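Everything in the sequence shown is counted per the UniProt record's numbering, starting at 1 for the first residue and increasing by one. Every residue, glycine too, gets a C-beta built ideally from N, C-alpha and C. Source: prediction; values computed, not measured.
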Amino acid sequence: MLAAAPPETIDGVITNNLVLFQSIGQLQEQNQKLLKVVREIGDKMEGEEREYREAMEREQGEAVREAHEAMQELAEQLERQKNSSDTIIKAYVKERDTLKAMLARVELGGAATNGVNAEMNGFGESLPPNSSDLAKELADVQNQFEAYRTEIGVDSVRLREDLIASQREIGQLGAALAKANAKIEYLTDRHRMSQEQFTMHGREIDDLTKRNQELFDQWTRIDIECSRVTEDLQTAHGRIEQLRNECANLRAEKKIWESVQGRLLEENRTLAMERSHLSDLMGNVQKMHNDLEKSGENDRRRLESQLQMLEGQTQDLRHQLSQERDSVRHLSLQKDIEIKELQTRLDKTVRNRIHTTFLWPLIDYRFKSFPKLERHLLALKQPKPILSNVWKN
């Protein structure tokens with residue numbers, strides 16, 4: 001095979017080295033190298049950014065310091081101007097106070113004060129010559145004072161305007177200084193970054209040229225290995241065919257297992273239905289058992305009520321018997337015989353009651369014995385008329 005000529009353009013170098021690969025191993029190796037280059041570039045950019053940030057902070061600190069010094073200098077100038085203005089104003093105030101004192105002393109002179117007032121009211125012809133001189137001096141002093149006050153106002157306004165203009169100029173100079181520093185820093189950084197990028201591109205071109213030669217050598221070796229890979233590919237095709245047959249067998253087994261699973265699901269469904277039927281039957285049995293318990297409880301209560309009724313009747317019979325016994329004591333032997341007979345009957349009734357008390361749970365099954373017991377009780381009640389008849393006799 002003829003070796004391919006190396007590319008002559010940067011685009012071709014990038015395509016051959018970063019896009020086209022002969023094997024997975026070559027791709028992984030190239031990825032490792034590119035990852036290493038990217039990490040180095042990232043570390044370098046972080047260092048440059050750190051240096052740029054430090055330089056920016058240092059330059060900003062210097063600019064702020066210079067602006068602060070300029071502002072302090074202007075503030076000192078304004079303070080000096082303000083102090084001088086305060087000194088001038090104090091001198092004017094002192095002079096004004098002196099003139100006011102002089103005017104007060106002049107006004108305290110009686111005739112002079114009247115002359116001044118008369119002159120100010122339009123009667124100056126009657127004043128002496130000294131009063132007119134004092135009035136002129138007072139007018140001159142007042143005019144001078146007004147001129148001083150006007151000059152002081154003008155100076156104050158001018159100083160205030162100068163202060164405002166100075167502050168505005170300081171702000172403009174600070175903004176212009178910041179803009180100029182930022183522009184200088186931006187241009188410096190841009191020039192440095194451009195220079196670094198140019199240097200980096202030169203190194204990358206050298207590296208890509210070397211890499212191209214290495215890849216060309218690797219391509220020669222890979223071409224030799226290509227024949228071996230072709231044989232491996234044929235072997236792999238045979239293995240793939242074998243795997244396909246195994247896959248078909250596995251699909252058939254999967255279908256069989258799916259049919260078995262369907263049958264098991266159907267059996268589970270049938271068992272679930274039978275379980276639900278059994279649950280219903282158990283519920284019915286439980287319900288029947290509860291009904292039987294309720295009916296047994298009702299029968300027990302009914303028998304207890306009947307037993308209580310029989311005990312009440314027995315008590316009545318005993319009471320009647322005691323009464324009859326008291327009445328029969330005074331009777332004859334015939335009455336004693338009848339009393340013994342009644343005692344025999346009473347003992348029989350008591351034995352029957354005791355027997356009923358111990359066997360009351362079984363009375364539920366002997367409902368037919370109640371009519372006989374009623375007849376027996378009626379038989380016990382029948383001797384009353386006989387005794388009454390005997391008593392009458």
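Asked                                                                                                        : Found
Runs of alpha helix (DSSP H) wholly within the segment 250-336 (minimum 4 residues, chain order)             : none
DSSP three-state assignment for residue 227, whether helix, strand or coil                                   : helix
Neighbourhood of residue 78 by C-beta, 7 Å cutoff - its chain only, sequence neighbours within 5 removed     : 163 and 166
Option in 185, 87 and 104 with minimal Cα separation from residue 54                                         : 185
Cβ separation of residue 63 and residue 177, assumed to be a contact under 8 Å, to the nearest whole Å       : 6 Å
The segment 91-100 contacting the segment 147-154, beta-carbon criterion three pairs below 8 Å               : yes
Any 3 or more C-beta pairs closer than 8 Å across the segment 188-195 and the segment 63-76                  : no
Nearest neighbour of residue 324, chosen from 341, 157 and 26 [CA to CA]                                     : 341
Rounded C-alpha distance that separates residue 197 from residue 208                                         : 16 Å
Under the three-state DSSP convention, the category residue 22 falls into                                    : coil
Sub-9 Å separation of residue 140 and residue 88 beta-carbons                                                : no
For residue 9, three-class secondary structure by DSSP                                                       : coil
Inter-residue CB distance, residue 321 and residue 346 (contact presumed, cutoff 8 Å)                        : 6 Å
Of the residues 169, 308 and 143, the one placed nearest residue 99, counting alpha carbons only             : 143
Assigned exposure category for residue 128 - 16 Cβ within 10 Å defines buried                                : Bear in mind that the predicted position of residue 128 carries a pLDDT of just 42, short of 50, making it too unreliable to give a figure here.
Residue nearest to residue 56 in terms of C-alpha spacing, selected from 240, 259 and 182                    : 182
Own chain, CB closer than 7 Å to residue 125, minus 5 neighbours either side, in chain order                 : With a pLDDT of only 40 at residue 125, under the threshold of 50, the placement of this residue in the model should not be trusted; the figure read from the coordinates follows. Closer than 7 Å at the Cβ level, and outside the excluded window around residue 125, lies no residue.
CB of residue 30 within 9 Å of CB of residue 222, strictly                                                   : no
Alpha-carbon to alpha-carbon, residue 199 and residue 75                                                     : 50 Å
Under 9 Å between C-beta atoms of residue 67 and residue 173                                                 : yes
Ranges of the alpha helix (DSSP H) found wholly within the segment 134-203, counting only runs of at least 4 : none
Three-state secondary structure (DSSP) of residue 127                                                        : Residue placement at residue 127 cannot be trusted, given a pLDDT of 40 that sits under 50; what the coordinates show is reported in the next sentence. DSSP places residue 127 in coil when its eight states are reduced to three.
Every unbroken beta strand (DSSP E) inside the segment 24-111 [3 residues or more]                           : none
C-beta atoms of residue 22 and residue 242 nearer than 9 Å                                                   : no
Exposure of residue 215, with buried meaning 16 or more beta-carbon neighbours within 10 Å                   : buried
Separation of residue 327 from residue 319, as counted between CA atoms                                      : 13 Å
Residue 119 to residue 96 span [Cα, whole Å]                                                                 : The predicted position of residue 119 is uncertain, since its pLDDT is 45 and thus under 50; a value taken from the coordinates is nonetheless stated next. Using only the alpha carbons, I get a separation of about 23 Å.
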